[in-house]
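Presented below is the structure to which this report refers.
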Amino acid sequence: MPSLKPPRYQPANSLESPRFSGVRTFARLPYVQDPADVDVAIVGLPFDTGATFKVGARFGPEAVRGASALLRPYNPELDVMVFETLSCVDYGDAPVVPGFIEDSLGAIARTIQPLAEAGVVTLSIGGDHSVALGELRALAAVHGPLALVHFDAHGDYWDSYFGHKYTHGTPFRRAVEEGLILPEASVQLGMRGPLYDSDDLDTPRRAGFTVLTTTQLMRHTPAEIGALVREKVGDRKAFLSFDVDFFDPAFAPGTGTPEVGGPTSFQGLGYLRACTGLTWVGGDVVEVLPAMDHSQVTAHLGAQIGYEFLSLVALSKR
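Following this note's numbering from start to finish, the sequence shown increments by one per residue and tops out at 322.
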């Protein structure tokens, strides 16, 4: 049962302190590195050595935090007062090692695991998608294998890329091999674009994933997709991984491997909001690349994705 007392940590009041003032934490939350009395911790993962095309997502956490100054406490779409329900903090960044992916995955896991052990839900901001493997190692060490809810234009399930096992195109293949996620309870939504061959879709399906291409996804309403996700995940603990290239590049231009023909921001957020009724233990927003962004379009969308995840966690605790 959630506590009846007000959350210990809350964001700055933007009616008393302008949004453009203060330190740029996520949603203007306090910067705290003590998990006591914390429901959700936001963690930056400024790493992009796993990227294989455009790089610069290491600056994603900074950009998303800056854009998140516009977030407010009440989510009218889900009818929840996020920061009155949850005690949230910005935990700072994991001490990643630029250029060294396996060292950085270890640093990410060592940052996330103590939070999970303290019962804190983590919302991580990448960074390229390779960071998800470090998160999953930490969370699965505490919670056991997880159900994955994955929004992306790509399955990120290749066996290797350029002969290397650890890239932003391989994290979920490694996660299955390491027993971190449950394919039969996992859903991948939004895959599209030219592929190397049909195995890019068929391999995760053979492993047990439910995979919907963008065309298949868009045939369904958000309510139908929410029901599908709940049916697949059931009562298992769940992890959200949201790559901003899920959206059409008209709505998320600031990303490293854009794919045309995707959902609008309105459509994509609707699908995410429909994923209610799950037991979330962690999530991430990845592949925001500020150097390719304009007018902070993608950074604002990344911040909104994080906010919607917090809203889903808040609903689960209400």
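Note that CB positions come from ideal geometry on N, CA and C, so glycine has one too.
Note that this is a predicted model, so its numbers are computed, not measured.
Proximity to residue i [Cα-Cα], best of the options
i: valine 248; options: Gly48, Glu291 and Gly123; result: Glu291
i: threonine 268; options: Thr280, Ala254 and Gly281; result: Ala254
i: isoleucine 116; options: Ser91, Val44 and Phe57; result: Val44
i: alanine 98; options: Glu121, Ile129 and Pro80; result: Ile129
i: alanine 122; options: Ala40, Met85, Pro149 and Gly266; result: Ala40
i: glycine 183; options: Thr171, His147 and Leu199; result: His147
i: glutamine 37; options: Ile112, Leu119 and Met85; result: Leu119
i: alanine 270; options: Ser91, Leu305 and Pro257; result: Checking the sequence shown, residue 270 turns out to be phenylalanine, not alanine. With distances taken between Cα atoms, phenylalanine 270 lies closest to Leu305.
i: valine 100; options: Arg114, Cys92 and Val93; result: Arg114
i: valine 47; options: Ala295, Ser21, Gly64 and Gly54; result: Gly64
i: leucine 127; options: Arg322, Arg69, Asn17 and Ala73; result: Arg69
i: glycine 286; options: Ser108, Ser21, Glu139 and Phe24; result: Glu139
i: serine 72; options: Arg322, Leu314 and Ala307; result: Ala307
i: leucine 137; options: Val180, Pro102, Phe57 and Leu75; result: Val180
Strand pairing of residue i, partner residues [DSSP]
i: tyrosine 165; result: His168
i: threonine 219; result: BP columns for threonine 219 are empty, so no partner.
i: valine 191; result: Val153 and Thr214
i: methionine 85; result: Tyr78
i: aspartate 288; result: Ser128 and Ser245
i: valine 266; result: In the sequence as presented, valine is not what sits at residue 266; that position holds glycine. Answer by DSSP bridge pairing: none, since glycine 266 is not bridged.
i: cysteine 92; result: Val44
Alpha-carbon to alpha-carbon, residue j and residue i
i: serine 320; j: leucine 273; result: 18 Å
i: aspartate 288; j: phenylalanine 246; result: 6 Å
i: glutamine 192; j: serine 164; result: 19 Å
i: threonine 174; j: serine 134; result: 7 Å
i: threonine 225; j: leucine 232; result: 11 Å
i: arginine 223; j: phenylalanine 251; result: 16 Å
i: tyrosine 13; j: arginine 196; result: 40 Å
i: valine 42; j: valine 93; result: 7 Å
i: glycine 281; j: glycine 238; result: 9 Å
i: glycine 301; j: glycine 265; result: The displayed chain sequence assigns valine, not glycine, to residue 301. Cα to Cα, valine 301 sits roughly 18 Å from glycine 265.
i: aspartate 203; j: methionine 85; result: 43 Å
Own chain partners of residue i with C-beta closer than 6 Å, once the 5 adjacent residues on each side are dropped
i: aspartate 52; result: Val59, Ala61, Arg62 and Asp132
i: leucine 186; result: Pro149 and Ala151
i: arginine 240; result: Ala151 and Ala189
i: isoleucine 229; result: Tyr275 and Ala278
i: leucine 33; result: Pro15, Cys92, Val93 and Asp94
Cut-off 8 Å between Cβ atoms - residues of its own chain near residue i, not counting five sequence neighbours on either side
i: alanine 227; result: Ala278
i: leucine 221; result: Leu193, Gly194, Ile229, Pro267 and Tyr275
i: aspartate 297; result: Ala67, Pro257, Gly258 and Ala303
Neighbourhood of residue i by C-beta, 7 Å cutoff - its chain only, sequence neighbours within 5 removed
i: tryptophan 284; result: Val125, Ala242, Leu244, Leu316, Val317 and Ser320
i: threonine 207; result: Tyr161
Exposure of residue i, with buried meaning 16 or more beta-carbon neighbours within 10 Å
i: asparagine 79; result: buried
i: tyrosine 200; result: exposed
i: threonine 219; result: exposed
i: threonine 89; result: buried
i: valine 27; result: exposed
i: phenylalanine 156; result: Here residue 156 turns out to be aspartate, not phenylalanine, going by the sequence shown. So aspartate 156 counts as buried.
i: leucine 19; result: exposed
i: histidine 35; result: Note that residue 35 is tyrosine in the sequence shown, not histidine. Classification of tyrosine 35: exposed, given that the 10 Å Cβ count is below 16.
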